[in-house]
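Its first residue numbered 1, the sequence shown is counted upward by one per residue in this note's numbering. Beta carbons are placed, not taken as given, at the ideal position from N, Cα and C, and that holds for glycine.
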Amino acid sequence: MMFFPIAHTYLSPPLLVALGFVIGIFGGFFGVGGSFLAGPALFALGMPFNFVVGTDLAHIVGKSIVAARRHRALGNIDLRLALVMVVGTILGSEVGVQAIEELKRRANINQVVGAVTIIVLTTMAGFVAWESWATISQQKKRIKMPGASQGKEDAFAFDHIAKAVQKVKLAPVLSLPHSGIESVSLWAIVAVAFVGGLFSGFLGGGAGYIRMPSMVYLLGIPTHVAIGTDLFEIIISAGYGTIRHALHGNVDVLVALVMQTGAAIGAQIGANLTQYFTGPRIRLAFAPLPLIGALLVAYGLITGHHH
């Protein structure tokens with residue numbers, strides 16, 4: 001065990017490297033920062049929640065850069081979409097950071113953040129599992145997505161939601177040729193990003209576990225492109241969140257760096273794996289992950305072994 005003075009916690013470095021490696025694989029494969037595992041795991045190891053949020057963000061930035069570079073090479077990044085989303089994400093995470101500061105003043109931060117996390121993650125997991133399972137069952141009706149890179153197929157059971165969103169012609173309207181979308185309102189993209197950012201600042205992590213599925217379900221982005229774009233976007237938003245939290249003294253850089261050594265290798269592996277799976281299968285595999293996160297948070301709250 002080693003003492004990390006900033007977060008004032010004893011942690012085992014090899015464990016942190018291993019944690020980073022596993023999370024890196026998940027992050028590269030699902031396009032999520034892996035925060036729903038890293039955050040709760042650090043919390044379960046006894047790190048105070050405000051440090052969990054800030055430190056987790058710091059290590060995610062490094063890992064997402066590695067994974068996004070791989071996805072860029074695989075053609076999975078829609079730059080136009082990413083740049084619009086950044087705006088919403090930063091606004092959202094600012095609101096989230098303020099909420100955390102407010103709760104710090106009221107001293108019941110662990111309970112509130114913990115409870116919100118559990119509810120959000122459980123809901124997300126249930127919906128994604130249900131949808132991807134339904135899609136895989138209806139494979140007879142499978143359609144090739146236009147413009148899906150390298151013929152990676154994708155299909156959704158609930159594409160009527162995305163179609164409805166795309167019909168809202170609230171100006172300004174954008175076309176996203178890379179994602180095969182003729183027109184979608186700028187506001188719809190910003191709204192999805194804002195909610196993602198809000199959770200990112202509030203619950204820590206890139207909140208990709210909210211943003212990646214909502215890009216697929218609400219905007220109709222092909223899964224592979226949603227993964228790559230989300231990772232690219234996380235670099236910017238988590239970078240912003242890290243700076244904001246560092247100013248509030250919530251980041252333990254040492255812990256982040258130790259985790260990063262494992263994460264950099266894992267992220268490459270994960271990104272390469274996406275080439276071998278279709279969209280609905282990636283989403284089905286993704287479904288249990290938020291549940292694991294929720295369980296870890298619940299464990300941390302029940303044992304309550306942090307000061």
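Query	Result
Spatial neighbours of L91 in its chain, beta-carbon cut-off 7 Å, leaving aside the 5 residues before and after	F194 and G197
Identity of the residues DSSP links to T9 by a beta bridge	F4
Distance CB(V255)-CB(I77) smaller than 9 Å	no
Per-residue DSSP class, three states only, for L231	helix
R283, buried or exposed, once every other Cβ within 10 Å from all chains shown has been counted against 16	buried
V251, DSSP secondary structure in three states	coil
Straight-line Cα distance separating F277 from G151	The pLDDT assigned to G151 is 42, lower than 50, so where the model puts this residue is not dependable, and the model offers no usable value.
Burial state of L176 (16 or more Cβ within 10 Å)	buried
N250 vs T9 beta-carbon contact at 9 Å	no
Within 9 Å, strictly: CB atoms of G262 and G39	no
Stretch pair the segment 284-299 + the segment 111-123: three plus CB contacts closer than 8 Å	yes
Sequence-distant residues of its chain with Cβ nearer than 8 Å to R70 (five each side left out)	G28, A267, Q268, A271 and N272
Environment of I210 [buried if 16+ CB atoms lie within 10 Å]	buried
Distance, Q138 Cα to I235 Cα	36 Å
Spatially closest choice to A294 from F43, L170, T223 and T229, by CA coordinates	F43
F26 versus T303, I302 and I292, residue with shortest Cα-Cα distance	I292
Pair within 9 Å by beta-carbon distance, L186 and A162	no
Residues sharing a beta bridge with L176, DSSP	I181
Exposure of L57, with buried meaning 16 or more beta-carbon neighbours within 10 Å	buried
Segment contact, 8 Å Cβ cut-off, at least three pairs: the segment 73-89 with the segment 235-247	yes
Proximity to N50 [Cα-Cα], best of K104, L257, L16 and S64	K104
Candidates T89, I227 and V258: closest to V367 by CA position	In this structure the chain extends from 1 to 307, so residue 367 is not present and cannot be described.
Rounded separation between I136 and Q98 - CA only	41 Å
Any chain D beta carbon closer than 9 Å to P172	No chain D appears in the structure shown, which is made up of a single protein chain.
Sequence-distant residues of its chain with Cβ nearer than 7 Å to L219 (five each side left out)	A162, V165, V184, A188, I189 and V192
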